[in-house]
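Chemist: Quick one: structure below, then a few questions.
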Amino acid sequence: MKTTAFEKFVGADAILAGMAGFLYSLSFIVIARSVPNTGALLSALFLTLGGLLSTAALSGLYRRVREVDGGFALLALILGVTAAIGSALHGGYDLANALNPPEVNVPNLASLPSQVDPRGLLTFGMAGISLIIFAALIQRGRQLPKGLGALAYILAALLIIVYPGRLIILDATSLIIVIPAALTGFVINPLWYIWLGVALRRGPGA
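Here the sequence shown stands for residues 4 to 209, where the numbers follow my numbering.
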């Protein structure tokens, strides 16, 4: 089947979302250690961009799997887009504070949880639930590679592990957080989005 202009568009967005996710992790984990202000600014920027790009990517994924089970596909899309928008709002909040720090007596403003995405409730927790549903639909259907569904399961598990870690263990240097977060941000998340983007641009069943 011929790839539509929409599929090419959302495929490109998915690839860019994967790149933005990698750059976010690089900024948050690596750059922030040596240049804190620059790291905070860049991580906020890429978190915002990644969230916005993900909304388009997930809409393209929804179109591919909705014939498998329209109800579950719609549920996965709602959860996923909500998570992506929450991630973008979280990034926008951090970006606003990085560009113009508010004049309040807070020793470490970055330690305060985002009101729209506290400790990654949407970015990690809800996104993980959405991916579990999408993964099952990919595996049941024939529109996308089965391996993409398997990788979605792995990504979902890592995201769901990261959320309670960020919620309970506030020390960002703890291995309980660093290992799954680094694996997610540097490898699995970018790989999944880029693979999704390539699959969407190739057309159904390719």
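For glycine and all other residues, C-beta sits at the position ideal for the given N, C-alpha and C.
Return the chain-ordered ranges of every alpha helix (DSSP H) run that is complete within the stretch 136-183 and spans a minimum of 4 residues.
Modeler: You should have 149-171.
Chemist: Which same chain residues, not among the five before or five after T85, have their C-beta less than 7 Å away from its C-beta?
Modeler: L125 and M129
Chemist: Can Y196 and I18 be called in contact, C-beta distance under 8 Å?
Modeler: yes
Chemist: Is the Cβ-Cβ distance between R122 and L170 less than 8 Å?
Modeler: Yes. Within cutoff.
Chemist: Counting Cβ pairs closer than 8 Å, one from the stretch 8-17 and one from the stretch 35-52, do we hit at least three?
Modeler: no
Chemist: Smallest Cα separation from L44: which of Y65, F75, E10 and N103?
Modeler: N103
Chemist: So I136 and I191 are supposed to be a Cβ contact under 8 Å. How far apart are they, rounded?
Modeler: So it is not a contact: roughly 18 Å between Cβ atoms.
Chemist: Which same chain residues, not among the five before or five after S30, have their C-beta less than 7 Å away from its C-beta?
Modeler: G42, L45, S46 and F49
Chemist: Buried or exposed, going by whether 16 or more other CB atoms sit within 10 Å of the CB of L134?
Modeler: Of the other Cβ atoms in all chains shown, 16 or more fall within 10 Å of the Cβ of L134; this residue is therefore buried.
Chemist: Does DSSP classify P121 as helix, strand or coil?
Modeler: P121: helix per DSSP, three-state reduction.
Chemist: On the CB-based measure, 16 or more other CB atoms within 10 Å of its CB, does A76 come out buried or exposed?
Modeler: Per the 10 Å Cβ criterion, buried.
Chemist: Exposed or buried, which one is P183 when buried takes at least 16 other CB atoms within 10 Å?
Modeler: Answer is buried; the Cβ neighbour count reaches 16.
Chemist: My output table needs one value for R69: the three-state DSSP class, helix, strand or coil.
Modeler: coil
Chemist: So what's F126 in DSSP terms, helix, strand or just coil?
Modeler: According to the sequence shown, residue 126 is Thr rather than Phe. If DSSP states are grouped into helix, strand and coil, T126 belongs with the helices.
Chemist: Are V165 and I180 touching if we call contact CB-CB under 8 Å?
Modeler: yes
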